[in-house]
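A.B. asks: Structure in structure tokens, see below.
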Amino acid sequence: MADRATNEYLNTERAKNDDNDLFAAIGKQVLGLNLGDDEEPAEDDRVKVVDEIESLCMNCHENGMTRLLLTRIPFFREIILMSFYCEHCHLKNNEIQPAGEIQEQGSKYAFKLSSLDDLERQLVKSDTAILRIEDLLIEVPAGRGRLTNVEGILSEVLKDLEGDQKLRRKEDPKLYKKIDGVVQSLIKMLIGGKFPFTISLDDPAGNSWIEPSPSDSKTKGKYTHSQYPRTPEQNEALGLGETSEEQGVGSAEMVPQLQPEDGGGMEDVDILEGQTYDLPVFCPGCAKPAHMLVQMVHIPHFKQVIVSTTHCDVCGYKTNDVKTGGEVPESGKRIWLHVKDAKDLGRDILKSETCLLKIPECRVEVTPGTMGGRFTTVEGLVTQIRDDLKGSIFDVGEDEVSTDSMPSDTKKEWGTFFAQLDKAVKGEIQYTILMEDPLGNSYCQLLDLDDSGNDPKVRTQEYERTEEEEEELGLADMKTRLNEKGEYVREKLGKTSPKPEGAAESSGIGNTKAQNNGS
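The sequence shown begins at 316 in the working numbering and counts up by one.
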């Protein structure tokens, strides 16, 4: 039906295009359809090309008509809207499919609804995404793509659950009562009687989306977006890479082994600081063999970290990351940096993968796992935050994306938001960076030391991890001590040995254990 027609349509357009890039956007390939060679189409005309394809109706097996429209969702990306209609049996079917490339990483969105306005947020659920209503433990599996809002997707779930309730009431009263409880909860959610509640979208193709808002930063945990590398199984399901049979060797048999630059195995070889090692891996983007370069770097007055970069020659995928090691400390650590002038923009800063980062003056909150580990300068970190946010909001590519279709109030709010971030990048405003790391693996360089060895612009505070943080980090499940009964039990992390007098000058991160004064 529509899927078959769409596949034929996309395959035809792929054949017309000479670009063999694995991640080439289909939307870019079809923009020139039905256009004369002598005319340069206007932007509005280029996104309104409608193609009609005669296709088989799976209901009456007569020929119907599928209409395909390439369009762009404001501050997201291109999609193909599909509409099938059979004039013989009057069957209708509407779907969407991503017209852009499969993203290099999968993405997950979580959105906590707290008001009726949140129900109006736009939502794209691609045909590879899984939607969950977390509070009701409801999961909508991958299937038909949808372009709607949160209210619309909840209404569809409600309609599906109510569909067979009359039959269940007669044949399975117990199941009827259980589902009826879920139905009533969904009704309360739709009318605003069950706030707050959370929905999530998990898409290994990275083509699903929930509309963000600058005001989301006012409520902790209201809107989160994280990216993750796909597994070989997810890549195979998306049609990326080759199957184990085609490769002749299963992915599980490719055992990564560190190789130093001068070749040879790693037996009896110490990993030396400053030495680069090559680790064969599978590319998260295309599942082809790639290489990860790994180097151990010592940050002065802090600790040793592992800096890694991955590059794939097949699809062009690139990424870099920083991993910290060492023992798990007893306490987490908060670091406040007060950026007051251009000199502070050049400070070295390490944000670990477990760190929560906030810039209150710019209404920025970066949740753990969103950017991975980063070792850069203050200017570099804020610049990357700005660019990542702008890319996810406006889908900025080779050409600046027009925001004319964005509501004026939303456009003005985003403009103010990014204008403030631009000032922060240039050092034109004073602001505070807060890093809260439950593993204490984040770092900020000390520059302006006073007579006591402290930097007045940097303040640190040790804090006790919450049970939720212990659970998320997996520390609650670590049982390493044998008791008198021969059972493994959890061993409480011991107190760190007191440092000798004057150690604050060489500690780098911790000046003193500060009191929590609400900074």
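The beta-carbon is built from N, C-alpha and C at its ideal position, and this holds for glycine as well.
Return the bridge partner residues of Ile530 from the DSSP annotation.
C.D. replies: Checking the sequence, you will find Ser at residue 530 rather than Ile. Answer by DSSP bridge pairing: none, since Ser530 is not bridged.
A.B. asks: Please list the terminal residues of the continuous alpha helix (DSSP H) segment that includes Pro488.
C.D. replies: Its alpha helix (DSSP H) spans residues Pro488 to Ile506.
A.B. asks: If we count Cβ pairs, one from each stretch, closer than 8 Å, do we get three or more for the region 424-441 versus the region 536-543?
C.D. replies: Yes, the region 424-441 touches the region 536-543.
A.B. asks: Considering only residues of the region 661-743, which uninterrupted alpha helix (DSSP H) runs meet the minimum length of 4 residues and lie entirely inside it, listed in chain order?
C.D. replies: List check, alpha helix (DSSP H) in window: 693-709 and 723-741.
A.B. asks: Compare the Cα-Cα distances from Glu645 to each of Arg461, Phe510, Val637 and Glu784 and report the closest residue.
C.D. replies: Taking only the C-alpha atoms, the option nearest Glu645 is Glu784.
A.B. asks: Can you list, in chain order, the residues of its chain with a C-beta nearer than 6 Å to that of Phe690? Leave out the 5 residues immediately preceding and following it.
C.D. replies: Correct list, in chain order: Val637 and Leu665.
A.B. asks: Closest by CA to Thr698, which one among Val679, His405 and Pro683?
C.D. replies: Ranking the options by Cα distance to Thr698, first place goes to Val679.
A.B. asks: Quick check on this structure: which residue in Arg387, Thr534 and His403 has the alpha carbon closest to the alpha carbon of Leu396?
C.D. replies: Checking every option, the nearest Cα to that of Leu396 belongs to Arg387.
A.B. asks: Can we say the region 767-784 touches the region 680-688, given the rule of at least three CB pairs closer than 8 Å?
C.D. replies: They do not touch, by the three-pair rule.
A.B. asks: If you follow the beta strand (DSSP E) that Asp752 is in, where does it begin and where does it stop?
C.D. replies: Looking at the DSSP string, the run of the beta strand (DSSP E) that includes Asp752 is Tyr746 to Asp752.
A.B. asks: Who does Asp517 pair with in a DSSP beta bridge?
C.D. replies: DSSP output for Asp517 lists Lys423 and Ile445 as bridge partner(s).
A.B. asks: Using only the alpha-carbon positions, how far apart do Ser528 and Ile514 sit?
C.D. replies: One C-alpha to the other measures close to 16 Å.
A.B. asks: Quick one: using the 10 Å Cβ neighbour count with 16 as the cut-off for buried, is Glu799 buried or exposed?
C.D. replies: Exposed is the call here.
A.B. asks: Using only alpha-carbon positions, find the residue among Arg796, Gln619, Val681 and His405 that is nearest to Leu587.
C.D. replies: Of the candidates Arg796, Gln619, Val681 and His405, the one whose C-alpha sits nearest the C-alpha of Leu587 is Gln619.
A.B. asks: Got a sec, what are the start and stop residues for the beta strand (DSSP E) Gln549 sits in?
C.D. replies: Note, Gln549: premise wrong, no beta strand (DSSP E); alpha helix (DSSP H) at Pro547 to Ala552.
A.B. asks: Return the CA-CA distance between His653 and Tyr758, expressed in angstroms with no decimal places.
C.D. replies: Taking the straight line joining both Cα atoms gives about 14 Å.
A.B. asks: Buried or exposed: Tyr803, going by 16 or more other Cβ atoms within 10 Å of its Cβ?
C.D. replies: With fewer than 16 other Cβ atoms within 10 Å, it is exposed.
A.B. asks: Is it buried or exposed for Ser441, if we count other Cβ within 10 angstroms and need 16 for buried?
C.D. replies: Per the 10 Å Cβ criterion, buried.
A.B. asks: On the premise that Tyr746 lies in contact with Ile674, defined as a C-beta separation below 8 Å, what is that separation, rounded to the nearest angstrom?
C.D. replies: About 6 Å separates the two Cβ atoms, so the contact holds.
A.B. asks: Is Asp450 helix, strand or coil when you go by DSSP?
C.D. replies: Correct three-state label for Asp450: helix.
A.B. asks: Take Lys533 as the anchor and find which of Cys677, Lys794 and Asp724 has the nearest alpha-carbon.
C.D. replies: If we check each option's Cα against that of Lys533, Cys677 comes out closest.
A.B. asks: Could you tell me which whole beta strand (DSSP E) segments of length 3 or greater appear in the region 595-674?
C.D. replies: Counting only runs of 3 or more, we get 604-613, 619-626, 633-639, 647-654, 663-666 and 671-674.
A.B. asks: When burial is assigned at 16 or more other CB atoms within 10 Å of the CB, is Arg796 buried or exposed?
C.D. replies: With fewer than 16 Cβ atoms within 10 Å of its Cβ, Arg796 is classed as exposed.
A.B. asks: So, under 8 Å CB-CB, Glu377 and Cys401 are touching, yes? Tell me the CB distance rounded to an integer number of Å.
C.D. replies: Right, the Cβ-Cβ distance comes to about 6 Å (below 8 Å), so this counts as a contact.
A.B. asks: Taking its Cβ as the centre, do 16 or more other Cβ atoms sit within 10 Å of Thr775, making it buried, or is it exposed?
C.D. replies: Classification for Thr775: buried.
A.B. asks: Roughly how many whole angstroms lie between the Cα atoms of Leu555 and Asp737?
C.D. replies: C-alpha separation (whole angstroms): 38 Å.
A.B. asks: Can you tell which of Leu451, Val643, Thr781 and Lys633 has its C-alpha closest to the C-alpha of Pro544?
C.D. replies: Out of Leu451, Val643, Thr781 and Lys633, Lys633 has the C-alpha closest to the C-alpha of Pro544.
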